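A.B. asks: One structure is given below, represented as structure tokens, and several questions about it will come after.
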Amino acid sequence: MGPDQAGALARIALGHVAQEWPQKLDHVLEGPDDLRRPSELHPMFHGSFDWHSCVHAHWMLARLLARFPDMPEAAAIAARFDSAFTPANAEAERAYLARPASRGFERPYGWAWLLKLHAALAGTRWDSVLAPLAGDFAARFQAHLPRADYPIRSGVHSNTAFALTLAADWAALHDPALLVLLRETARRWYGADRDCQAWEPSGEDFLSPALTEAVCLASLLPPADFAPWFEGFLPHLAQAAPVTLFTPARVADRSDGRIVHLDGLNLSRAWAWRRLARTLPEGDPRAVRMRMAAAAHLAASLPHLDGHYMGAHWLASFATLALEEEG
């Protein structure tokens, strides 16, 4: 990623993080008083079509600002953060979470992205504003994971491996006890998995259930434990199998909000392949194949970040995950 590419990504996000309509709410109505507009329910995160996309768009802007503080878009990013990340807005978001009907709000995807956003703001003037809200979501992970007997292996928002991976970034900075819980949960959910068949993609996936699980274990296990697990989980990588994991998905209709998920699948696979390649010794033939697969998946979807709004409101964040992993 270079400054020009970062600027292009930033302009995409700046164009929609405050765009209230159209809006897809995750909102339980307990009575007529709950019929309120998105900007009243979520004064901090009411743009980008849905709450979680608004959160990870802000994460992307925070990462781009940190990497390229002199980019032309830096002032606009800082101004956006100053207007959104205020104590009053944070308290309104916390009050929404405190509603009894909000117990399952954005679990686990939005929880994890909020923690990742706060981790990206470490050391900035916005860090302390987001800290109480991040603490609320960390507490939700602490309460939920011990009673979650089974993982969710889907390729969409409910995927639990992706949530553990993102949450681990925050826990490593702020909450050692949560990091231990995340690690124990990953072992409990996935530690016995072997010879993954990778029956994917499904028609609406934006995450690879197989590769996302592998990244989760790579993020949370010590390298000495991860290496044999990975060998047993995907034992045929040197032969570029399972073939489906090496084959970019075709996206038939980018105006369809669910079919366009497959662009996200290509981008998140590129992120996963690059991260997993870094766990292998230099020159390992599996790493070569992984990097080639990452390049093919990026080429399939990177040109399509800012087409129809159904993709434009979120794909740039996943492109940023993949591009940051390049180094």
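Note that the UniProt record's numbering gives residue 235 to position 235 of the sequence shown, counting from 1, and the numbers run on in steps of one. All residues carry an ideal CB built from backbone N, CA and C; glycine is no exception. Quantities reported herein were computed from a predicted structural model and do not represent experimental measurements.
Under 7 Å Cβ to Cβ from ALA134, same chain only, skipping five residues before and after it: list those, please.
C.D. replies: Closer than 7 Å at the Cβ level, and outside the excluded window around ALA134, lie LEU114, LEU115, HIS118 and TRP170.
A.B. asks: Go ahead and label TRP199 buried or exposed: buried means 16 or more other beta carbons lie within 10 angstroms of its beta carbon, across all protein chains shown.
C.D. replies: Classification of TRP199: exposed, given that the 10 Å Cβ count is below 16.
A.B. asks: Which residue spans inside the segment 94-132 form an unbroken beta strand (DSSP E) run of at least 3?
C.D. replies: Counting whole runs of 3 or more residues, the segment 94-132 contains no beta strand (DSSP E) stretch at all.
A.B. asks: Looking only at C-alpha atoms, which of THR165, SER128 and ALA139 sits nearest to LEU321?
C.D. replies: The option with the nearest alpha carbon to LEU321 is THR165.
A.B. asks: If we ignore side chains and look at the alpha-carbon of each, how far apart do THR160 and LEU245 end up?
C.D. replies: If you take the alpha carbons of THR160 and LEU245, they lie about 19 Å apart.
A.B. asks: Kindly indicate which three-state DSSP category MET290 falls into: helix, strand or coil?
C.D. replies: MET290 falls in the helix class under three-state DSSP.
A.B. asks: Measuring alpha carbon to alpha carbon, tell me which residue in GLY257, GLU324, ALA238 and ALA224 is nearest ASP205.
C.D. replies: Among GLY257, GLU324, ALA238 and ALA224, the Cα nearest to that of ASP205 belongs to GLY257.
A.B. asks: Here's a check: name, in chain order, each residue in its chain whose Cβ is nearer than 6 Å to the Cβ of ASP193, leaving out the five neighbours to either side.
C.D. replies: Here the set comprises PHE233.
A.B. asks: According to DSSP, is THR320 part of a helix, a strand, or is it coil?
C.D. replies: Looking at THR320 - three-state DSSP - the assignment turns out to be helix.
A.B. asks: Report the option in ILE259, GLY311, LEU298 and HIS313 whose CA atom is closest to the CA atom of MET1.
C.D. replies: The shortest Cα separation from MET1 among ILE259, GLY311, LEU298 and HIS313 belongs to LEU298.
A.B. asks: Quick check: the segment 69-85 against the segment 12-28, are at least 3 beta-carbon pairs closer than 8 Å?
C.D. replies: Result yes; three or more Cβ-Cβ pairs closer than 8 Å.
A.B. asks: Hey, which unbroken runs of the beta strand (DSSP E) at 3 residues or more fall wholly within the segment 21-61?
C.D. replies: List check, beta strand (DSSP E) in window: nothing returned.
A.B. asks: Which first and last residues belong to the alpha helix (DSSP H) in which SER83 is found?
C.D. replies: 74-84 is the span of the alpha helix (DSSP H), which, as asked, contains SER83.
A.B. asks: Is the beta carbon of PHE141 sitting closer than 8 Å to the one on LEU178?
C.D. replies: For PHE141 and LEU178, yes; Cβs fall inside 8 Å.
A.B. asks: Taking ARG103 as the reference, give the member of LEU181, ALA139, TYR190 and ALA312 with the closest Cα.
C.D. replies: That would be ALA139, whose Cα lies nearest to the Cα of ARG103.
A.B. asks: Which residue wins for smallest C-alpha separation from GLU30, given the options ARG99, PRO108, LEU61 and GLU73?
C.D. replies: Cα-wise, what sits closest to GLU30 is ARG99.
A.B. asks: Can you find the residues in the same chain that come closer than 6 Å, C-beta to C-beta, to ALA240, ignoring five residues on each side of it along the sequence?
C.D. replies: Excluding sequence neighbours, ALA240 sits near PHE246 and ARG289.
A.B. asks: Going by C-alpha to C-alpha distance, which of SER83, SER202 and SER128 sits closest to HIS174?
C.D. replies: The shortest Cα separation from HIS174 among SER83, SER202 and SER128 belongs to SER128.
A.B. asks: On a CA-only basis, which of ALA294, PRO146, ARG286 and PRO223 is nearest ARG274? Give me that one, please.
C.D. replies: Of ALA294, PRO146, ARG286 and PRO223, the residue nearest in Cα terms is ALA294.
A.B. asks: Any idea what DSSP makes of THR165, helix, strand or coil?
C.D. replies: In this structure, THR165 counts as helix in the three-state DSSP scheme.
A.B. asks: Check whether the segment 298-309 and the segment 258-278 are in contact - that is, three or more C-beta pairs closer than 8 Å.
C.D. replies: Yes, they touch.
A.B. asks: What do you get for LEU35, buried or exposed, if any count of 16 or more other CB atoms within 10 angstroms of its CB means buried?
C.D. replies: Exposed, because fewer than 16 other Cβ atoms sit within 10 Å of the Cβ of LEU35.
A.B. asks: With DSSP as the reference, label ARG183 as helix, strand or coil.
C.D. replies: Looking at ARG183 - three-state DSSP - the assignment turns out to be helix.
A.B. asks: In terms of residues, what are the limits of the alpha helix (DSSP H) holding HIS308?
C.D. replies: Per DSSP, HIS308 belongs to no alpha helix (DSSP H) and is neither H nor E.
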